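Student: One structure is given below, represented as structure tokens, and several questions about it will come after.
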Amino acid sequence: MRVLLVGGGGREHALALGLVRDPAVSALIAAPGNPGIGAVAELRTVTPTDPAAVAALAVETAADLVVIGPEAPLVAGVADALRAKGIAVFGPSGAAAQLEGSKAFAKDVMTAAGVPTARAYVCTDAESTARALDEFGAPYVVKDDGLAAGKGVVVTDDRSAALAHAADCGRVVIEEFLDGPEVSLFVVTDGEAALPLLPAQDFKRLGDGDTGPNTGGMGAYAPLAWTPAGLVDEVMRDVVHPTLAEMRRRGTPFAGLLYVGLAITAAGPRVIEFNARFGDPETQVVLALLETPLGGLLRAAATGTLAEHPPLRWRDGSAVTVVLASPGYPAAPHTGDVITGADRPGIIHAGTARRASDGALLSAGGRVLCGTATGPDLAAARDAAYVLVDGVELAGSQHRTDIAAAAIDGRITIPS
0 MRVLLVGGGG REHALALGLV RDPAVSALIA APGNPGIGAV AELRTVTPTD
50 PAAVAALAVE TAADLVVIGP EAPLVAGVAD ALRAKGIAVF GPSGAAAQLE
100 GSKAFAKDVM TAAGVPTARA YVCTDAESTA RALDEFGAPY VVKDDGLAAG
150 KGVVVTDDRS AALAHAADCG RVVIEEFLDG PEVSLFVVTD GEAALPLLPA
200 QDFKRLGDGD TGPNTGGMGA YAPLAWTPAG LVDEVMRDVV HPTLAEMRRR
250 GTPFAGLLYV GLAITAAGPR VIEFNARFGD PETQVVLALL ETPLGGLLRA
300 AATGTLAEHP PLRWRDGSAV TVVLASPGYP AAPHTGDVIT GADRPGIIHA
350 GTARRASDGA LLSAGGRVLC GTATGPDLAA ARDAAYVLVD GVELAGSQHR
400 TDIAAAAIDG RITIPS
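The opening residue of the sequence shown carries number 0 in numbering that gives the first Met the number 0; numbering runs sequentially from there.
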């Protein structure tokens, strides 16, 4: 099976590593990829959000399966262009990807499907925004309606900051705050059948103790020993299958990866958000533990044969990933700095590039690298991940020092 992987971040490097472990994958082409992906795949140049260009590349490379990593190409309709050429693609249509492309659309689907989620209002002006903020009270939750690369959400006790974020975005969803630890659940689906992967938890704030600005994610771990028994079955029953049924009813079936972001509240799990693709950096830890061949799993979802796929198999133990970010991230990341020590197994590239003159590895994004490790238990995996990160040199870089610490120490509590 020849696979074309679209994207070039940490999620795509993790996907690439999973795909090349599958004996059925005979060739992996990545576009545009990154230096880490280039170690295991042939790199090609393409604009990921250009449907015609991606489809042409898939034809040129004789791809049997195209895996679309990021959300922007999905919302742009890249999967539609591929399907129009008869190419199997893992990723939803542009219409179905609106589950991530528009927070208001996702809320509408959830309401229609009876999915447990936060009460919310869609606001487009200062007056309606102020009314919604006052009704729900602090902490204020303000979400940019459109794509914002994981940084469009503000949760704050400062009403003026909430109003300012809403004004900057234009169209926002104002929600009631959901109190409880968060869980990311990835679900592989062909639109009908659905297979959940291991739940994971990521860390969205920049600083230790969940302080500082929101980011695309500063680390993650899996599995989650502290979650209630039966959580995944409950979410599949009350969230995933009703959502898939509603999408089919609308004539826009969702096939690909449905990311369910949850808060585990006193009243049970509540959906915070849907995404239309694998999450980053949770993908790094979930796929590190997946024993089932990844290429075959994604192809089954892409070809409508997921119901026939055998049960998923998982490695014992735990996985932890720690993100190394550029100085100035997330507001104004500094790029172009030399990186050393990143040529070891377990280092996943997110925002890197090679200098043309001498091949030196440079920072090329806000989140630069991830140190990803497995271990027989969470503490061992965490220690190994930090050994990887500590071995990388990038001037002024930032990383959290408390990834998975609360889970190891038993400090995660579910409101009662």
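Every residue, glycine too, gets a C-beta built ideally from N, C-alpha and C. Quantities reported herein were computed from a predicted structural model and do not represent experimental measurements.
K142 by DSSP, collapsed to three states: which one?
Tutor: DSSP places K142 in strand when its eight states are reduced to three.
Student: I'd like to know whether the C-beta atoms of L289 and G100 end up nearer to each other than 8 Å.
Tutor: It is not a contact, given that the beta carbons lie outside the stated cut-off.
Student: Who are the Cβ neighbours of R312 in its own chain at under 7 Å, not counting the five residues just before and after it?
Tutor: Correct list, in chain order: E290 and T291.
Student: Would you kindly report the start and end of the unbroken beta strand (DSSP E) that includes L205?
Tutor: Here the beta strand (DSSP E) through L205 covers R204 to G206.
Student: Along the beta strand (DSSP E) that carries I407, what are the first and last residues, could you check?
Tutor: Premise fails: I407 lies in the alpha helix (DSSP H), A404 to D408, not in any beta strand (DSSP E).
Student: Considering only the beta carbon of each residue, do A26 and E11 sit closer than 8 Å?
Tutor: Going by C-beta atoms, A26 is not nearer than 8 Å to E11.
Student: Would I86 pass as a contact of V65 if the rule is Cβ separation under 8 Å?
Tutor: Yes.
Student: Would I347 pass as a contact of G35 if the rule is Cβ separation under 8 Å?
Tutor: Yes, Cβ-Cβ distance for I347 and G35 is below 8 Å.
Student: Given a threshold of 16 other Cβ atoms within 10 Å of its Cβ, counted over all protein chains shown, does D143 qualify as buried or as exposed?
Tutor: With 16 or more other Cβ atoms within 10 Å, it is buried.
Student: Which residues in the same chain as P241 place their Cβ atom closer than 8 Å to its Cβ, once the five residues preceding and following it in sequence are excluded?
Tutor: So the qualifying residues of the chain are A112, G113 and V114.
Student: In terms of alpha-carbon separation, which member of A219, A166 and A94 lies closest to L323?
Tutor: Among A219, A166 and A94, the Cα nearest to that of L323 is on A219.
Student: On the three-state DSSP scale, how would you describe G37?
Tutor: Helix.
Student: State buried or exposed for K102, treating a residue as buried only when at least 16 other CB atoms are found within 10 Å of its CB.
Tutor: Burial call: buried.
Student: Determine the DSSP secondary structure at V391, reduced to helix, strand or coil.
Tutor: The answer is coil: DSSP assigns V391 none of H, G, I, E or B.
Student: Which term fits G6, buried or exposed, when burial requires 16 or more other beta carbons within 10 angstroms of its beta carbon?
Tutor: Buried is the call here.
Student: I need the boundaries of the beta strand (DSSP E) containing F89, first residue and last residue.
Tutor: A87 to F89 is the span of the beta strand (DSSP E), which, as asked, contains F89.
Student: Using alpha carbons as the reference points, say which of R354, D376, L297 and A78 lies closest to L14.
Tutor: Closest option to L14, Cα to Cα, is L297.
Student: Report the residue ranges of all beta strand (DSSP E) runs contained in full by the region 14 to 81; include only those spanning at least 3 residues, in chain order.
Tutor: The qualifying runs are 26 to 31 and 64 to 67.
Student: Just verifying my parser: in three-state terms, what is the DSSP assignment at F273?
Tutor: Correct three-state label for F273: strand.
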